[in-house]
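Undergrad: Chains as they are written, first to last, in this note's numbering: chain A, 1 to 114; chain B, 1001 to 1112. The structure's right below; bear with me while I get my questions together.
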């Protein structure tokens, strides 16, 4: 069975603080893909990153960075020097190698206070 | 490149009615997936269409049905609406066997 857990329901930070969003996943597949999406109030899911299970390299994109650790089944997302525009709900998702069904976590609502 | 579009944006129905939601996939994509997102929850997979046939289904009753057309656009039909069907319905397009989905803006359905 596939499952994604985002234990943090809501997080509030002051602008310019760093914040880490946690994601823990469960799967029996050896090949799988992990994703992070941002959902602003408008509702559209905005793609942030895709990672396959064989690539454990951490990735940095501007103020965003991702830490993938297979040993702990985690794929955490860090925003450095947060900005008000980062306020949104963030979803972590898992997809097995076969089929395109995505399994989403329940999301973490991030509020950045100016 | 044309992104995923959905119509209508908002919809209000009453219990027992039927509804049809529409999705146009991103240019070049041949697969469409539908998700239901209840308030405060993550999206839940309803089903996927590829080559005009259902290609996987989540835990949703048969009153949720769909179609895919030769131009890869898709419809989601829900019969006998229930109050719990109130949600944001998201459509995502992709290429088959390529694990990256692009989502549309969603249709917000309210059932009274």
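Each residue gets a CB set at the ideal place from its N, CA and C atoms; glycine is no exception.
Tell me, which residues are paired with residue 90 of chain A by DSSP?
TA: DSSP lists A:38 and A:108 as partners of residue 90 of chain A.
Undergrad: What residue ranges within the segment 1035–1092 of chain B form continuous beta strand (DSSP E) runs of no fewer than 3 residues, ordered along the chain?
TA: Within the segment 1035–1092 of chain B, the complete beta strand (DSSP E) runs of at least 3 residues are 1044–1050, 1053–1057, 1064–1068 and 1074–1078.
Undergrad: How should residue 1085 of chain B be labelled, buried or exposed, when 16 other C-beta atoms within 10 angstroms of its C-beta is the threshold for buried?
TA: Answer is buried; the Cβ neighbour count reaches 16.
Undergrad: Mark residue 1083 of chain B as exposed unless 16 or more other C-beta atoms lie within 10 angstroms of its C-beta, in which case mark it buried.
TA: The residue is exposed, with fewer than 16 neighbouring Cβ atoms inside 10 Å.
Undergrad: Leaving out the 5 sequence neighbours to the left and right, which residues in its chain are closer than 8 Å to residue 1015 of chain B when beta-carbon positions are compared?
TA: Only 1081, 1082, 1083, 1111 and 1112 meet the Cβ criterion.
Undergrad: Taking the alpha carbon of residue 1042 of chain B as the point to measure from, which residue in A:58, A:3, A:48 and A:55 has its own alpha carbon closest?
TA: Taking only the C-alpha atoms, the option nearest residue 1042 of chain B is A:3.
Undergrad: Which two residues bound the contiguous beta strand (DSSP E) that contains residue 50 of chain A?
TA: Segment 46–52, the beta strand (DSSP E) holding residue 50 of chain A.
Undergrad: Where residue 70 of chain A and residue 29 of chain A are concerned, what is the direct C-alpha to C-alpha distance, given to the nearest angstrom?
TA: When rounded, the distance between both Cα atoms is 12 Å.
Undergrad: Mind checking residue 55 of chain A: buried by the 16 CB within 10 Å criterion, or exposed?
TA: Looking at its Cβ environment, which holds fewer than 16 other Cβ atoms inside 10 Å, residue 55 of chain A is exposed.
Undergrad: Bridge partners for residue 11 of chain A per DSSP, in chain order?
TA: Partner(s): A:110.
Undergrad: So which of A:81, A:16, A:67 and A:76 has the shortest CA-CA distance to residue 107 of chain A?
TA: For residue 107 of chain A, the nearest C-alpha among the options comes from A:76.
Undergrad: Mind checking which residues open and close the beta strand (DSSP E) that includes residue 115 of chain A?
TA: Absent from the model: residue 115 of chain A. The displayed extent of chain A is 1 to 114, so no value can be given.
Undergrad: From residue 118 of chain A to residue 81 of chain A, what does the alpha carbon distance come to, in whole angstroms?
TA: Because residue 118 of chain A is not part of the residues shown, which for chain A are 1 to 114, the question remains open.
Undergrad: Quick one: any contact between the segment 1021–1038 of chain B and the segment 1091–1110 of chain B, if contact means 3 or more CB pairs under 8 Å?
TA: The answer is yes - the segment 1091–1110 of chain B touches the segment 1021–1038 of chain B, with three or more Cβ pairs under 8 Å.
Undergrad: Give every residue of the same chain whose Cβ lies closer than 8 Å to the Cβ of residue 1100 of chain B, excluding the five residues on either side of it in the sequence, and list them in chain order.
TA: Around residue 1100 of chain B: 1094.
Undergrad: Can you grab the Cα-Cα spacing for the pair residue 109 of chain A / residue 20 of chain A, in whole Å?
TA: C-alpha separation (whole angstroms): 12 Å.
Undergrad: Please confirm whether any heavy atom of the ligand ZN lies closer than 7 Å to the CB of residue 1072 of chain B.
TA: Questions concerning the ligand ZN fall outside what the structure shown contains, since it holds no ligand whatsoever.
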